[in-house]
Structure formats: structure tokens, C-alpha cells
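Colleague: Position one of the sequence shown corresponds to residue 267 (the numbering used here), numbered consecutively onward.
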Amino acid sequence: MPIIEVEALEKTYPGPVKAVCGLSFAVEEGEVFALLGPNGAGKSSTVRMLATLARPTAGRAMVAGHDTVREPAAVRREIGYVAQSSTVDEQLTGVENLRLQGRLFGLRGEALRQRADD
Numbered sequence: 267m268p269i270i271e272v273e274a275l276e277k278t279y280p281g282p283v284k285a286v287c288g289l290s291f292a293v294e295e296g297e298v299f300a301l302l303g304p305n306g307a308g309k310s311s312t313v314r315m316l317a318t319l320a321r322p323t324a325g326r327a328m329v330a331g332h333d334t335v336r337e338p339a340a341v342r343r344e345i346g347y348v349a350q351s352s353t354v355d356e357q358l359t360g361v362e363n364l365r366l367q368g369r370l371f372g373l374r375g376e377a378l379r380q381r382a383d384d
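1) What are the start and end residues of the alpha helix (DSSP H) that includes L316?
2) From G303 to C287, what distance separates their C-alpha atoms?
3) Quick check on DSSP: helix, strand or coil for E273?
4) Please classify A285 as buried or exposed, where buried requires at least 16 neighbouring CB atoms within 10 angstroms.
5) Leaving out five residues on either side along the sequence, give the residues of the same chain with a beta carbon under 6 Å from the beta carbon of S311.
6) Counting Cβ pairs, one atom from each stretch, are 3 or more of them under 8 Å apart for the stretch 338-347 and the stretch 319-330?
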């Protein structure tokens, strides 16, 4: 089973601007994969959909066996995502930044402390 599976994925923004049109690919576990293309080709939109930060307009994306639309929390537990621009608050310590991000993703109490301390 592929670790990433994309079928007929589409993303249309208001305007309408079609950023991704019918994209399909599969990546096997351990495979090296690069998503290449010119500016405006839909690379960032595709990654945002795979990371559950944007919903596809059509099609389906599976990450680690989880549907990115129906199971976003399960996908997020399986991946790491680093945005191009910094989301770190330089006034906070590293642990404080981790706890802030954890709260944004719904972690609370002991679960939050445990994840930040790990």
C-alpha cells in the first residue's frame, strides 16, 4: 500500500483559479519523491491538501492509509510539516512554542505536557 496516494485531486480558489487539476500519483514507503513544477503549478496547494491545511475541491488524498478529509487528525499524527515562513514566536522558549502549537491542535493537560516534553 502506498504511503501517499493521490487520485484526481483538484483545488479551485475563488476567482475561479484552478490551482490543481486532476493530479494523481502514489508514493511507496521509503521511496524518494519530488514534486516539481514552475511557479503557480499547484505544488504548495498540493502539499497543503496533503497536510490537511486545505480541503480539496475534488478527488481524494490518502496519507499513511488515512483520508485527508475524513481523518485529518489521524493524518496529522503521522506527518511533520514545516511551513516556508516561520511560525515560531521568538519571545517564547522552545517548549512554550511546542505547547502553543499543541493547544492549537486540541491537546490539553497531561497529553500536551507529555508531547511537548518528548
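Glycine is no exception: its CB is placed at the ideal position from the N, C-alpha and C atoms.
Modeller: In brief:
1) In the DSSP assignment, L316 falls within the unbroken alpha helix (DSSP H) covering K309 to L316.
2) Their backbone Cα atoms lie some 14 Å apart in a straight line.
3) Looking at E273 - three-state DSSP - the assignment turns out to be strand.
4) Buried.
5) Same-chain partners within the cutoff: K277, A285 and V286.
6) Cβ pair count under 8 Å is three or more, so yes.
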